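According to our numbering, the sequence shown is numbered sequentially starting from 198.
Here the structure comes first, spelled out in structure tokens, and everything after it is commentary.
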Amino acid sequence: MSNAQSLDSPEVLKEDYRPKWDNKLQYILSCVGFAVGLGNVWRFPYLCQIYGGGIGSLMVSFIVSLYYNTILTWVMWYFINAFQEPLPWSACPLNGNRTGHIEECHESTAVNYFWYRKTLNISSDITDSGNLQWWLVLCLAICWSIVYICTIRGIESTGKAIYVTAIFPYLVLTIFLIRGLTLPGATEGLVYLFTPKLNILKNPRVWLDAATQIFFSLSLAFGGLIAFSSYNSPKNDCEKDAVTIAIVNSMTSLYASIPIFSILGFKATTGYWDCLDRNIISIINEFDLPDQSITRENYTIWFGFLNTTHPKKITSLKLRSCDLQEFLEQSASGTGLAFIVFTEAIILMPGSQGWAVLFFVMLFSLGLSSMFGNIEGILTPLLELCVVSKSVPKEVLSGVICLVSFVTALCFTLRSGSYWLDVFDSYAGSLPLLIIAFFEVTGVVYVYGIKRFSDDVKWMTGRQPNFYWQVSWRIISPLLMLTVFIAFVTLQTQKQPSYGAWNPKYKDFPMKEEKDYPAWILAICVLLVVLPCIFIPMVAFYHLTKRVLGRRKKEGT
198 MSNAQSLDSP EVLKEDYRPK WDNKLQYILS CVGFAVGLGN VWRFPYLCQI YGGGIGSLMV
258 SFIVSLYYNT ILTWVMWYFI NAFQEPLPWS ACPLNGNRTG HIEECHESTA VNYFWYRKTL
318 NISSDITDSG NLQWWLVLCL AICWSIVYIC TIRGIESTGK AIYVTAIFPY LVLTIFLIRG
378 LTLPGATEGL VYLFTPKLNI LKNPRVWLDA ATQIFFSLSL AFGGLIAFSS YNSPKNDCEK
438 DAVTIAIVNS MTSLYASIPI FSILGFKATT GYWDCLDRNI ISIINEFDLP DQSITRENYT
498 IWFGFLNTTH PKKITSLKLR SCDLQEFLEQ SASGTGLAFI VFTEAIILMP GSQGWAVLFF
558 VMLFSLGLSS MFGNIEGILT PLLELCVVSK SVPKEVLSGV ICLVSFVTAL CFTLRSGSYW
618 LDVFDSYAGS LPLLIIAFFE VTGVVYVYGI KRFSDDVKWM TGRQPNFYWQ VSWRIISPLL
678 MLTVFIAFVT LQTQKQPSYG AWNPKYKDFP MKEEKDYPAW ILAICVLLVV LPCIFIPMVA
738 FYHLTKRVLG RRKKEGT
């Protein structure tokens with residue numbers, strides 16, 4: 198009897214004991230909330246910025262994302278579905294002597310000072326861990342308490358919270374979009390975002406960053422999407438679901454980039470105007486010109502004239518070169534974009550306190566909805582694979598998962614915590630995902646079998662996968678992931694792994710000092726890559742051994 202026929206057996210369909218989604222919208226919102234996260238808001242815009250605007254990164258990211266998201270997500274969802282087993286930052290503190298931390302503030306910016314010194318109290322080296330920062334520990338405890346409350350009963354509780362956490366960020370992004378488009382300089386920011394620079398596509402790093410961005414953005418290979426989809430009916434149109442989530446995720450990245458770049462354009466324009474005003478004041482004072490004789494509009498004409506007639510005087514003024522493009526290209530990723538660059542833009546806006554609260558509540562909602570999927574990706578396998586007895590209440594199991602996660606995350610509340618966050622983000626959240634996803638696809642196609650897989654898809658959706666899907670699953674998708682994996686490893690081995698340290702004693706401060714990771718840190722980095730992947734060969738060896746022993750036992754009898 199074929200596998201497709203066996204799916205109708207009572208063993209597969211007796212899943213009444215498992216909770217179900219209240220409706221399809223709840224399921225889609227949960228998947229969207231898990232997929233659409235911080236990567237869409239602070240990593241995608243950063244990639245657009247460092248690659249000279251949106252077209253280079255946007256084109257690649259959309260091409261790769263629609264391909265990866267649709268194909269890989271469909272494979273993973275189906276694989277489980279088919280079987281159903283189970284604001285004080287606005288100014289520096291006053292100090293006449295400007296010593297110690299006060300000097301640090303004046304040498305950098307007020308926002309940088311507040312973030313690195315007041316919030317993180319960061320050390321100048323990853324080996325200087327320092328003590329736990331009690332205010333960060335308190336915030337961490339509050340966050341995990343909220344996650345526990347929302348995930349206490351699995352999808353039965355997260356399904357209710359997701360209506361708020363998944364929809365609220367879109368509401369905030371829309372508010373920021375409307376406000377951002379009314380700010381001066383918004384047009385310049387959007388022009389920078391959408392200006393074509395096709396030559397950037399020659400850079401292989403663009404393709405690699407775009408590919409890894411999609412894994413980070415959609416949270417592929419984390420297990421959350423598999424867990425969510427396992428609570429659907431076996432006969433579910435997973436193709437439609439996968440395509441929907443893929444498009445929503447990609448469009449959200451673009452939608453989030455528009456308000457962010459409009460506000461960053463406002464920040465760049467404000468910085469450009471301030472630069473011009475300082476130069477204008479210096480020239481007027483030096484040449485004793487009437488006030489308002491030089492304006493932003495005629496500054497270039499005046500500068501050219503005076504530089505020709507009085508070149509020595511102009512040189513002695515040491516005027517700053519004011520270029521709007523340079524201000525637009527000032528980039529930062531992750532926490533740097535959210536808590537520094539974007540914050541610097543927000544404090545320039547009228548009613549900055551309200552905008553700041555709105556923005557950070559949105560970030561919290563994005564992170565919260567993503568955590569629902571991560572917790573479910575742990576909780577569901579533990580229960581359904583009988584790793585933990587089903588007599589253990591979900592409330593207890595969810596609590597243990599959140600408690601272990603909280604204790605593990607305490608390393609991020611040390612003075613060196615920000616550096617450790619980069620380590621986990623760079624190594625635990627990139628290469629292992631590629632490896633896991635590669636084995637998921639090849640396992641389904643070449644171990645389970647593409648013929649059986651296609652028959653099961655037909656049983657679920659009512660239609661046979663077409664030629665495009667067949668070729669993609671068999672050849673293109675595994676080959677693409679293998680290529681990205683090799684390219685990633687090659688680029689990583691070409692240079693010594695390093696990190697940017699916030700060091701006030703560095704000669705080029707406030708630029709970050711580039712430091713190499715010590716050997717024991719590199720060992721931890723390798724461990725973070727190996728640990729998530731080592732279970733694949735271990736489980737394969739276990740089942741192979743079990744099958745061989747079972748066969749010998751059967752032959753012996």
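C-beta: ideal position from N, C-alpha, C; glycine also.
Please read all numbers here as calculations on a predicted model, not as lab measurements.
- Going by C-alpha positions, Thr540 is about 17 Å away from Gly382.
- As a beta-bridge residue in DSSP terms, Tyr696 pairs with Lys712.
- The Cβ atoms of Ala535 and Trp239 lie closer than 8 Å to each other.
- Three or more pairs of CB atoms, one per stretch, sit closer than 8 Å, so the segment 633-646 contacts the segment 406-422.
- Under the criterion of beta carbons closer than 8 Å, Ala606 and Leu337 qualify as touching, at roughly 6 Å.
- DSSP, reduced to helix, strand and coil, places Leu677 within a helical segment of the structure shown.
- When the beta-carbon positions are compared, Leu317 and Gly614 come within less than 8 Å of each other.
- Membership of Gln522 in the alpha helix (DSSP H) is indicated by the continuous run Leu521 to Leu525.
- Here Ser305 is buried, its C-beta having at least 16 other C-beta atoms within 10 Å.
- Phe664 counts as exposed, since fewer than 16 other beta carbons sit within 10 angstroms of its beta carbon.
- Excluding sequence positions up to five before and after Gly596, its CB lies within less than 8 Å of the CB of Tyr345 and Ile349, all in the same chain and listed in chain order.
- In the structure shown, the three-state DSSP call for Val403 is helix.
- With contacts defined by Cβ atoms closer than 8 Å, Leu611 and Ser416 do not form a contacting pair.
- Taking C-beta separations shorter than 7 Å and ignoring five residues to either side along the sequence, Gln689 has no partners in its chain.
- Phe458 is positioned such that its CB atom lies no closer than 8 Å to that of Gly356.
- In the displayed model, Thr379 falls within coil according to three-state DSSP, outside both helix and strand.
- Residue Ile683 holds the alpha-carbon nearest to the alpha-carbon of Pro401 among Asp705, Met735, Ile683 and Glu710.
- The residue from Trp332, Leu560, Lys221 and Cys347 with its alpha-carbon nearest to that of Cys599 is Cys347.
- DSSP, reduced to helix, strand and coil, places Tyr428 outside both helices and strands of the structure shown, so it counts as coil.
- Around the beta carbon of Arg744, a 10 Å sphere encloses fewer than 16 other beta carbons of the protein chains shown; the residue is thus reported as exposed.
- Between the C-alpha atoms of Leu725 and Phe621 there is a straight-line separation of about 7 Å.
- By alpha-carbon distance to Leu525, the top candidate from Lys702, Thr392, Ile372 and Ile733 is Thr392.
- A straight line joining the alpha-carbon of Leu486 with that of Leu565 spans about 58 Å.
- Rounded to whole angstroms, Phe484 and Tyr469 show a C-alpha spacing of 23 Å.
- For Tyr496, the enclosing alpha helix (DSSP H) starts and ends at Tyr496 to Thr506.
- In terms of Cβ geometry, Val538 and Leu461 form a close pair [threshold 8 Å].
- Three or more Cβ pairs closer than 8 Å define a contact, and the segment 228-237 meets that threshold against the segment 441-448.
- Under the 10 Å beta carbon count, Val681 is surrounded by 16 or more other beta carbons and is classified as buried.
- Taking each of Tyr739, Pro729 and Lys751 in turn and checking the Cα distance to Gly420, the smallest one comes out for Pro729.
- Under the three-state reduction of DSSP, Tyr645 is assigned to helix.
- Only buried fits Asp653, as 16 or more other CB atoms lie within 10 angstroms of its CB.
- Ranked by Cα distance from Lys712, the options Lys692, Lys587 and Arg314 are led by Lys692.
- Shown here, Trp239 sits in a helix according to DSSP, grouped into three states.
- Setting aside the 5 residues that flank it on each side, Leu380 is surrounded in the same chain by Phe463, each with a C-beta closer than 6 Å to its C-beta; the list follows chain order.
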